[in-house]
Amino acid sequence: FWTDVSEEAIKQTHINQTGNVVQNVIISGLVSPDGLACDWIGKKLYWTDSETNRIEVANLNGTSRKVLFWQDLDQPRAIALDPAHGYMYWTDWGETPRIERAGMDSSTRKIIVDSDIYWPNGLTIDLDEQKLYWADAKLSFIHRANLDGSFRQKVVEGSLTHPFALTLSGDTLYWTDWQTRSIHACNKRTGEKRREILSSLYSPMDIQVLSPDRQPYFHTPCEENNGGCSHLCLLSPRDPFYSCACPTGVQLEDDGRTCKSGAEEVLLLARRTDLRRISLDMPDFTDIILQIDNIRHAIAIDYDPVEGYIYWTDDDVRAIRRAYLDGSGAQTLVTTEINHPDGIAVDWVARNLYWTDTGTDRIEVTRLNGTSRKILISENLDEPRAIVLNPVMGYMYWTDWGESPKIECAYLDGSERRVLVNTSLGWPNGLALDLEKDKLYWGDAKTDKIEVINVDGTMRKTLLEDKLPHIFGFTLLGDYIYWTDWQRRSIERVHKIKASRDIIIDQLPDLMGLKATSVTKVFGTNPCAENNGGCSHLCFFTPQETRCACPIGLELLSDMKTCIIPEAFLVFTSRAAIHRISLETNNNDVAIPLTGVKEASALDFDVSDNRIYWTDVSLKTISRAFMNGSSVEHVIEFGLDYPEGMAVDWMGKNLYWADTGTNRIEVARVDGQYRQVLVWKDLDNPRSLALDPTKGYMYWTEWGGKPRIVRAYMDGTNSITLVDKVGRANDLTIDYADQRLYWTDLDTSMIESSNMLGQEREIIADDLPHPFGLTQYNDYIYWTDWNLHSIERADKTSGKNRTLIQGHLDFVMDILVFHSSRQDGLNDCVQNNGHCGHLCLAIPNGFRCGCAAHYTLDPNSRNCSSPASFLLFSQKSAISRMIPDDQQSPDIILPMHGLRNVKAIDYDPLDKFIYWVDGRQNIIKRAKDDGTQASLHGPFTVMSTPNQSQNPEKQPHDLSIDIYSHTLYWTCEATNSVNVHRLNGEAIGMVLRGDHDKPRAIVVNAERGYMYFTNMQERAPKIERAALDGTEREVLFTTGLIRPVALVIDNKLGKLFWVDADLKRIESCDLSGANRVTLEDSNILQPMGLTVLGNHLYWIDRQQQMIERVEKINGYKRTRIQGRIAHLTGIHAVEELDMEEF
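Position 966 of the sequence shown, counted from 1, bears residue number 966 in UniProt numbering, the numbering being contiguous throughout.
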């Protein structure tokens, strides 16, 4: 047997084995097992651990491990046994060095040597002469004494360098020495005949003599029937010379022989990366690590005494997990919509699991196996943490350490919520219930107190208020409260009445939650215990009654016990919430628990993957989520103003929307990709949108000067007016079965209907105060009324048989029926997206492939190509693309995140990256036109410290790309220099800098090897050119300039153009500086940028909020090509790149 300190284990093998030697690990999870001794009679292993400061024993096969000594040990090292007399001996080289002896059953402990001793290393027993030998590595001697420490004698003195271990055989003593790296020997009585037996060993450690006379046999009481002991039979120096003992943490029954089946009370402990259990039955409080994989950041922990599972939350894996008390059977129960699950609680009677989450700010519940999940509380929670349950009374309690810290309670189903404590709280981290005494205890990490209150909120008292620097985990069992402290790195306990306290474990970092519990004893019951209270899914016991409830998405039948998946339900938007009402079980409306809704307007769904889509006119986004509220994501976040109409094409998986602010109808894939503008000419406030993908038509209403209802193909073409004698028509709805249109008219307060061509008009209802939202399902129409705050239904043909579905509703914007029959049918886009690369758009009797805006459909194909020539223009926090003279698409905002104060833009046509100067962070960034950054290192940046909001060392002003050498030139306002970076982000260096230089605008003419820049020297601005390495500088102009702000090169014409913001004129010259002429100097107010595309020169005027152009050769035909664009900052043209020429 040997110990391995690096593998932290005790191992075993057989002597004289041939072939591969098998190493068996017998004991693992040790820290520093420095000493080992084998009881050859009782068949036991004894060992010391100098890190945990413990001495332990186990069977030779590693079973029934027990801690014998855990107190008053400092650095225990060598250990030796005398089984014939039942004694064990060990050395301790800690603060007070000594040699001790005790019974091998841990009885009669006594110090036998404590003088003239410093580093007692080796220890061995001469069984024949009953002598104890030890070596002292600091005092350099080997001494011997009687086994009680008396009659001490020197054996070897003064000449030893660093003896470590010691053994003997016959008359000879052997020892290892660390410094000489040898094994030495001498006579055991006189120290004479000193010799070196073996030298130049790498690192000689322990040494033993293998010989029968070192381990003589004799009879012991443990031989018959293990001494009658159920587990350990340990030898003892006292009559009857043995005693029965139990594995660590387990108590002996009253018969003194049998061990209980295990620990009866335990403390379960969550550390960041492991879970531990500590038996509370025995005084040694040994912590045992549970063998569970993949614990990355365990926080909260609880236990179910019925099935014996430990439950815990993990903040890093974002999951709730469980395993048995011994670490086996680990399972992951919940993983979705888990952000920061800080608290967990087991309802051991109803078999439910509760948890708090400070990320989603919710309290949720599932069955103990992770099924039937339901959100109980999702409002007015700031930072919910600890949660405890009282299944006997039907209450739950939780703490919230947010802005206004509080302790709250509610029935177990989340109803009847009220605040118990909201004064003098800081960070109430811990919470514990005393079920027998009806008291609630809590620990506060900010006020550093442990307090108690009656569960009804009366009699608040402080139990403890000193030396509690940062309480985190907190639990109560019997008479004691246990807690973990982050700063003291300890677990302590306090008597709940006497307030006396003691330490359970000291100096253990990363302590999180803890739970003191009885392993099998169960307290209390309620009707949920029997047959789950008759409930099909969730059973909640409350002070009033036992209530059944359903997981999200299911509805309770009228028997109030059974949950079913409802076929159809109403879904409607109401400001910051989206609600659902079942149409079958007449249940109350339920808010779908969505995060981040501000002002929901239009609404639709995709029944095939159970998702809803909605527009938010306050956030100006279109979002989607599953019906249970999970996986909320924004699909469209840019270029929306008032998206008040929206519909899902469930066949082509496209999303259509109408925006009354931008006056556009657009389409994209349901995930937001491949966005294209379908209609933007002659649109006057498009409002409501409906699709008939089977037939290939889309319908919309307009609320402009002449309100109307329009039909077009779903690709936006062939639009015709169906209805023009109408007011503002809202919530246009198609009855697919009977092929009719329905709408509410806000100006006449009527609900009307027509056939699909706008004829055969009928008034369904004309006596309503303010109908607004409308939907149809089966034989009914459902509508909302803003004056009555209600949802009603009536026969769809006659408007009769009206029924109130729901009252007391605030401004419901959109309403629809979620049911599969609303999304039936087939068209060519269903299979494989019609083989289209981007969009499959339905049209009557067929389909057409469509492309993202500005992309073009390849001839005879269904794939799309990116635009080759276009204009990019930037505003303060947006970059847009437009193709002048393109009749297919208007300008569009590119979906690029995090734009702040864009100052200049450029484009690399090879890798198709847009580059821009970010004036907020003073860095240069890049992205593709779909917003992806497509590089391993996040945004491409040309500076060292992107984390500072202001970066004074570098301040990029303008940039220009050399596509031939893959480099980027940029001017810096902070260092007044021209710099070069490779396009992979690598800095090349500074190419131009002079004493009075102030280079600002820059343009690279890579084809001819020059760069042109403005030099804004005090009162004498210049335009200069230089070679690309900064040499060959020459000044082109010094006169007729005040503030030249932008330059552009045209190599086809061989011209340089520039614009002067103070002179308000645009000029040009040859590339050498000759032939300077003025192109334009009237009605330019605040020119910012300049670029050439095709035959035109374009510029932006920030004050007039527009982009203008003239013919580049002569300055003729000045036209405004885009107006009403606020905060323009830059413009850049991209010409088609001829790859052969390149």
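Cβ coordinates follow ideal geometry from the N, Cα and C atoms, glycine included.
| query | result |
| --- | --- |
| Is the CB-CB distance between A350 and F541 below 8 Å? | yes |
| Starting from the N-terminal side, write out each stretch of the beta strand (DSSP E) that is 3 residues or longer and does not extend beyond the UniProt domain "EGF-like" (527-564). | 538-541, 546-549 |
| Can you tell me which residues form a DSSP beta bridge with C836? | According to DSSP, C836 bridges with nothing at all. |
| Quick check on DSSP: helix, strand or coil for Y509? | The sequence shown places Pro at residue 509, rather than the Tyr named in the question. Residue state, collapsed to three classes: coil. |
| Measuring alpha carbon to alpha carbon, tell me which residue in E1080, G1054, I1066, D1081 is nearest G1073. | G1054 |
| Go through its chain and collect everything with a Cβ distance to V452's Cβ below 6 Å, but skip five positions before and after it. | K439, Y441, K461, L463 |
| With a Cβ-Cβ cutoff of 8 Å, do P97 and W119 count as a contact? | yes |
| Can you tell me where the beta strand (DSSP E) holding V419 begins and where it ends? | 418-421 |
| Taking three-plus beta-carbon pairs below 8 Å as touching, is the stretch 130-142 in contact with the stretch 158-166? | yes |
| Give the straight-line distance between the Cα atoms of S199 and D136, rounded to the nearest whole angstrom. | 21 Å |
| Report yes or no: do the stretch 512-519 and the stretch 478-485 share at least 3 C-beta pairs separated by less than 8 Å? | yes |
| Is it the case that the stretch 812-820 contacts the stretch 839-847, given that we only count it when at least three CB pairs across the two stretches are under 8 Å? | no |
| Go through the stretch 646-679 residue by residue and report every complete run of the beta strand (DSSP E) that reaches 3 residues or more, in order. | 654-659, 664-669, 676-679 |
| In angstroms, rounded to a whole number, what distance separates the CA positions of D918 and E760? | 59 Å |
| Rounded C-beta distance between P769 and L788? I'm assuming under 8 Å. | 6 Å |
| For M714 and P686, which I take to be in contact (beta-carbon distance under 8 Å), what is that distance rounded to the nearest angstrom? | Actually they do not touch by this definition, with Cβ atoms about 15 Å apart. |
| Return the CA-CA distance between Y855 and V365, expressed in angstroms with no decimal places. | 49 Å |
| Count Cβ pairs between the stretch 420-438 and the stretch 544-564 that sit closer than 8 Å; are there 3 or more? | no |
| Compute the distance between the beta-carbons of S877 and D891, then report whether it is under 8 Å. | no |
| Give the single residue among D413, G430, M393, G394 whose Cα lies nearest to the Cα of I407. | G430 |
| Quick one: what's got a C-beta closer than 6 Å to Q331's C-beta in the same chain, skipping five residues either side? | R322 |
| Run the CB neighbour count on P247, radius 10 Å, all protein chains shown included, and call it buried at 16 or more, exposed below. | buried |
| Would you tell me roughly how many angstroms separate the C-alpha atoms of K496 and P341, rounded to the nearest one? | 28 Å |
| What residue range is occupied by the uninterrupted beta strand (DSSP E) comprising V991? | 987-992 |
| For the putative contact between S869 and E1140, defined by C-beta atoms under 8 Å, what is the C-beta separation to the nearest angstrom? | Not really, about 17 Å apart at Cβ, beyond 8 Å. |
| On a Cα-Cα basis, can you pick out the residue from T784, G327, R367, A300 that is closest to D293? | G327 |
| Alpha carbon to alpha carbon, what distance is there between A600 and H1132? | 37 Å |
| From L280 to E379, what distance separates their C-alpha atoms? | 39 Å |
| Under the assumption that A625 contacts V632 (Cβ atoms under 8 Å), give the Cβ distance between them as a whole number of angstroms. | 4 Å |
| For A658 and S754, I'd like the C-alpha separation in whole angstroms. | 22 Å |
| By the three-class DSSP mapping on this structure, what secondary structure does residue 1151 have? | Any property of residue 1151 remains undetermined from this structure, which presents the chain solely from 1 to 1142. |
| How many Å lie between N390 and V597 at the Cα? | 34 Å |
| Given that a residue counts as buried once 16 or more other Cβ atoms are within 10 Å of its Cβ, and exposed if not, what is K925? | buried |
| Using a Cβ-Cβ cutoff of less than 8 Å, which residues in the same chain neighbour D828 once the five nearest sequence positions on both sides are dropped? | G834, C840, A842, G846, F847 |
| If we ignore side chains and look at the alpha-carbon of each, how far apart do W483 and D254 end up? | 31 Å |
| CA-CA distance, K706 and M750? | 18 Å |
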